[in-house]
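Residue 1 is where the sequence shown starts when you use full-length UniProt numbering, and the numbers rise one by one after that.
Note that beta-carbon positions come from the ideal geometry of N, C-alpha and C, so glycine has one too.
Notes follow the structure.
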Amino acid sequence: MPAFCTRTMPSKIPEVVTEAEGTAVVSSEGDFVPLDIPDRLQDDPLIEYFRIRYEKRESYLSKLRNAEGTEDQKKKKDIEANRIDTELDRIKTLRSSFATTPENKRVIRDFDRCRTQWKNHAIASRHKNLKTLEKRVEDMDLEKDEPLRRKIWELRILNEVTEWKETQLPTVPKYSEDEKQMQEKDQKEAKPSNKKPRRKSDAPKEKRLRPMDSYGLTVTKITLRKSNKKFSSSFMSYDIKKYPLDQCLFEDGPKNPLTEKCELDTIRYFHIPANNMQWIEEAIGRYYGEKTPGEYNYRQSIDYLKKSSDLLCREFWTSKQHGGTYDPVHARHMRANCSCITTETKCSDGRPTNNLVIFMPYLHWESHKRRKKMAEETAKLTQKHQETRSHVTETPNAEFMKTVAQIKIDHARALTGYSTLADSEKKEEKAQDPKPSKYGPLGEYLLHIAKLYDAMDIEPDVRLLRDYLFQNPPLHSRRTLDQSYYWKLANTDARDQDQVVYRETKEGKNIARTTRVVMVDQLWMYILDDNTIITSFPRRWGRNKPDHSGVHKGIRARLNHLRAQQIQSVYDLGLLILNQCSTVFFDLTKPVDERPEVIDIFSNALSHVSGMKTMAYETFWRHLDKLNATDRHLGFEATARSYLNINPEGELLKEVHDIIEELRMMARIYTQQLNIIEDFSGHLEKWHQEDEKKWPEDMIDIILEIKNHLLKPANQPHSAEDPLGPQHNHSPTPKGDLVTNGVQNGHNTETDAKAISDNTIKFAKRVGNEIRLRRQELQNLEEHSTAVSDQLNHLLSLKQQHASIIEAKLALKRADESVTQGRSIMLFTIVTIIFLPLSFMTSVFGMNSSGFDAPGGGNSMSLQHQFKLIFPISFGVIVVSISLAFSPWIRSIIAFVTHITFASLIEYTKVRHAWLWCIRKRPRAPDKRIRHHTADALYLNKQDIVRKIYSRKERAEAMRSKAEAMRLDERRDGGDSMV
1 MPAFCTRTMP SKIPEVVTEA EGTAVVSSEG DFVPLDIPDR LQDDPLIEYF
51 RIRYEKRESY LSKLRNAEGT EDQKKKKDIE ANRIDTELDR IKTLRSSFAT
101 TPENKRVIRD FDRCRTQWKN HAIASRHKNL KTLEKRVEDM DLEKDEPLRR
151 KIWELRILNE VTEWKETQLP TVPKYSEDEK QMQEKDQKEA KPSNKKPRRK
201 SDAPKEKRLR PMDSYGLTVT KITLRKSNKK FSSSFMSYDI KKYPLDQCLF
251 EDGPKNPLTE KCELDTIRYF HIPANNMQWI EEAIGRYYGE KTPGEYNYRQ
301 SIDYLKKSSD LLCREFWTSK QHGGTYDPVH ARHMRANCSC ITTETKCSDG
351 RPTNNLVIFM PYLHWESHKR RKKMAEETAK LTQKHQETRS HVTETPNAEF
401 MKTVAQIKID HARALTGYST LADSEKKEEK AQDPKPSKYG PLGEYLLHIA
451 KLYDAMDIEP DVRLLRDYLF QNPPLHSRRT LDQSYYWKLA NTDARDQDQV
501 VYRETKEGKN IARTTRVVMV DQLWMYILDD NTIITSFPRR WGRNKPDHSG
551 VHKGIRARLN HLRAQQIQSV YDLGLLILNQ CSTVFFDLTK PVDERPEVID
601 IFSNALSHVS GMKTMAYETF WRHLDKLNAT DRHLGFEATA RSYLNINPEG
651 ELLKEVHDII EELRMMARIY TQQLNIIEDF SGHLEKWHQE DEKKWPEDMI
701 DIILEIKNHL LKPANQPHSA EDPLGPQHNH SPTPKGDLVT NGVQNGHNTE
751 TDAKAISDNT IKFAKRVGNE IRLRRQELQN LEEHSTAVSD QLNHLLSLKQ
801 QHASIIEAKL ALKRADESVT QGRSIMLFTI VTIIFLPLSF MTSVFGMNSS
851 GFDAPGGGNS MSLQHQFKLI FPISFGVIVV SISLAFSPWI RSIIAFVTHI
901 TFASLIEYTK VRHAWLWCIR KRPRAPDKRI RHHTADALYL NKQDIVRKIY
951 SRKERAEAMR SKAEAMRLDE RRDGGDSMV
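Following this line, the structure appears as structure tokens:
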């Protein structure tokens, strides 16, 4: 129900309302009947009470209290009246706490200002509205009887306005000097000190917060009983009670349901609606009757809590928390785990019971509007906490670098005009006279009513964040799907708004549609002493009544339809809770609320991508045919570039990658759930095997009891020949059943409550199979998405290959164009070679010189004589030029002759040796390596000849040495012959 209602008139006058299509109709009494209220809630007295007018509410409530009829009818009416009283008390408490919260003063002040503006505007425009009433009603498109009714309504309202008095607009409060000094003192005290922190042993004990109004939260207690005699081992009925959070967690005594002893043949289930580590410690302390806070790890401490330490020691509690001091807030979560605390694993000696501690993530949802509000509040609190905490682990150099970086950021903000959230709030506080809105006074007033309602709706959740988000131990806030996976990212708003569920449920033009995002919540469950369960998981933000997708509501709905042998022990109830948490997000039934159908949403998104992929393939092949058809046309290149655009395929590939990534995230959550269920099943099977080992001994005991009962009278002592006789006693129960040494009609009354039945083992396996099927469904979607991604990658590779082919074709085309251009250039070159000598010769003979006289005398040379000189010379020049340009052999012969002549000249004239002496280098033979040049034999012969010319002296010295050696040999041979 709405937490805020405004009374603008005392009102015997009907309210002025603008009827929206499809949302409301007007009854005969002038009241609105909302059409969007479900049929099952149309007759709900609580909703009916808040729908009727203010002056009728008291009479309606008195009719409920003084209703006539049977006793059952009167009892039902009293229950409904108590519900209304409870809701009114809640609204009153919420208004009081909202008004006393300093952070809400600005919202309340803006609301008061807009209300005053609207009232003053109504008073000022009353006479004008009276004059234009007839014309305004005539311009309205109304039915026959509606104009008269409209006139009557507006006249009544305008008459009521005459009783109003114009008031002055509220101003922004100005702080006095004393208040400013107090604020500065508080800010100085809030700043981090440079003193070294105390050791943990020396630190004072932190006083925990005790919310007197319990934040509007209650601890729900469900008691299951064995009510059906036909199925004496099954819990078939339950009753539910709700207690204030403050009473359950912070009070000792008989009124606290946690301190009460569990009745025989009952199972108790307590639920705390938030993942607050402090509240869990308080609940465990109240359950074991110990005072908190205390010490759970060091036995020598004075505050050591012996019983609570079994569950809250470091091994099973703080070591399971993920996320460090400097990590983002959404990094906090308990690692998925299922721990069994038996006698061997306990931190202290105690009862031989099997306690289970389970931390399991599960998927849920939240509206984008409230998630965004939660993110904003968390960012504010984080910034405030970072400004006030002391960074004792950082070195002075790191502190200095951080200060320099902050100065740079502030300077950049000053240059760019960028303002932080705190700066914008300060500017809003300084604004004395805000500018009038385009919506008008009434529109502005209604807008602030909506803002105030939203703020009051989430006020308990905001206060919970402010009080416990940075406590020790802290509150674990809800996380989005991306925050649970990318827990190191400080801000995931962009990724959250890119979720598939967000895109598919985006509001768009439908204002009634709610944009949703996927969240990852945590289930903390403690199974204690074989008869008690304590759970903790968060609820959605705001007052969602009724919340059909709430986990606890789903658990109660399952308990309303219990079957025989469905819950035979506390472990069956634990499995039911685990199964409900795992199922709530993938319930195949049609939801009655706005819970997103995840499988359908992802299937639709994937079908859209698959259809677009098919169209992309068809477009590619169609464009390929067009490209082949236009290959020889002039516009081929422009057409190819437009067809080979990969932006559409890139967008599809990005979308399918988002689908794959989110499916993997969700499959990861279900993998963790499956591991927990398998561990749970392993513990149950282990205990079941231990019970089966004890079964033969129990059977022998039963057989001996039956024998003694049949052969000997009751209460007669056994003889010494029967050593087992004295150990067994017979006593009837109050119901007349025979109890023999704890055995009642063949059943052990002491172990039935703790025994693990075969149905429990089967139930655990069935829950595991259901989780496995859900994960397999996600994995199938992931495989399909991966196949679509591979096909898109294949299409992109085809486009790339086709682009390479197009580039090759364009390169060949450009090469052909180059050849054509080369031929044109060659033609121009030939023409130039032909006409350049001719033009040169004609320009020479055109000079006015006496040397060009005719051979026979005369002042000028004849044309015939000029032609005899011009054409032969030009022809020779043309032939030589064309030969040099187009004949490589001629160029080689010329180069051969030129190189040999030059080499011989510089060698025989000693120019080369003089040059080598000048550069102070020893003469050496030319390089023997053959350098790449024209590939012909003439070039090689030229190199050999040049080498021989340069090595002339070396060869001459070698010849003289050889001749000298030959002469020596001849002398030696002559001497030998003479001897």
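Measuring CA to CA, which of the options is closest to residue i?
i    : options                   : result
V501 : I534, H448, P546 and P596 : P596
I646 : T514, H802 and T505       : H802
K165 : A958, W118 and T132       : W118
Y296 : F316, R286 and N531       : F316
T832 : R466, I878 and T70        : I878
H322 : R335, I601 and N159       : R335
E544 : E594, F835 and L573       : First, the amino acid is wrong: residue 544 is Asn here, not Glu. Of the listed residues, the one whose Cα sits closest to N544 is E594.
I949 : K626, I906 and Q566       : I906
F50  : K291, K654 and R83        : R83
V219 : L249, E376, R503 and I805 : L249
E377 : R332, D467 and T318       : D467
E649 : V520, I659, K799 and E366 : K799
Could you tell me the alpha carbon to alpha carbon distance between residue i and residue j, rounded to whole angstroms?
i    : j    : result
D78  : D72  : 10 Å
A146 : M140 : At residue 146 the sequence reads Glu, which differs from the Ala that was named. The straight-line gap from Cα to Cα measures roughly 10 Å.
I830 : S843 : 20 Å
K229 : V551 : 30 Å
T614 : R622 : 12 Å
V788 : G554 : 37 Å
K188 : R463 : With a pLDDT of 49 at K188, under the threshold of 50, the modelled position of that residue is not reliable, and no figure is offered here.
Q913 : Q866 : Reading the sequence as shown, one finds His at residue 913 and not Gln. Approximately 50 Å between the Cα atoms of the pair.
T259 : K307 : 14 Å
G974 : S961 : 20 Å
H899 : L624 : 59 Å
P361 : A811 : 59 Å
T505 : T515 : 5 Å
S681 : H688 : 10 Å
R971 : A965 : 10 Å
R371 : R540 : 10 Å
C918 : T909 : 15 Å
I533 : K221 : 10 Å
E138 : K151 : 10 Å
I599 : N780 : 11 Å
M236 : A564 : 7 Å
K509 : L573 : Here the model assigns K509 a pLDDT of 47, short of 50, so the residue's position is not dependable, and the following value carries that caveat. Distance between the alpha carbons of K509 and L573 is about 45 Å.
So, residue i versus residue j, is the Cβ gap smaller than 9 Å?
i    : j    : result
S536 : H330 : no
W487 : D587 : no
W279 : L245 : yes
I676 : I272 : no
L475 : N276 : yes
R208 : P170 : no
I771 : S569 : no
Y238 : L559 : yes
S233 : S757 : yes
R774 : Y670 : yes
F602 : L663 : yes
A605 : L778 : no
Can you tell me the Cβ-Cβ gap for residue i and residue j, rounded? I've got them flagged as a contact below 8 Å.
i    : j    : result
L469 : S477 : 7 Å
I870 : L838 : 7 Å
D213 : S62  : At roughly 28 Å, the Cβ-Cβ gap does not stay under 8 Å, so D213 and S62 are not in contact.
H683 : L356 : 7 Å
V656 : L792 : 7 Å
Tell me, please, whether the stretch 456-473 touches the stretch 490-499 by the rule of three or more beta-carbon pairs shorter than 8 Å.
They do not touch, by the three-pair rule.
Do the stretch 564-582 and the stretch 512-525 meet, that is, are 3 or more Cβ pairs less than 8 Å apart?
The stretch 564-582 vs the stretch 512-525: in contact.
Assess contact between the stretch 599-613 and the stretch 775-792, defined as three or more Cβ pairs (one per stretch) separated by less than 8 Å. Is contact present?
The stretch 599-613 is in contact with the stretch 775-792.
For the 8 Å Cβ check, are there 3 or more pairs between the stretch 260-276 and the stretch 211-229?
They touch, by the three-pair rule.
Check whether the stretch 553-570 touches the stretch 290-303, counting contact only when three or more Cβ pairs, one atom from each stretch, lie closer than 8 Å.
Short answer: they don't touch.
Would you call the stretch 447-456 and the stretch 119-138 touching, i.e. three or more CB-CB distances under 8 Å?
Too few Cβ pairs lie closer than 8 Å, so no.
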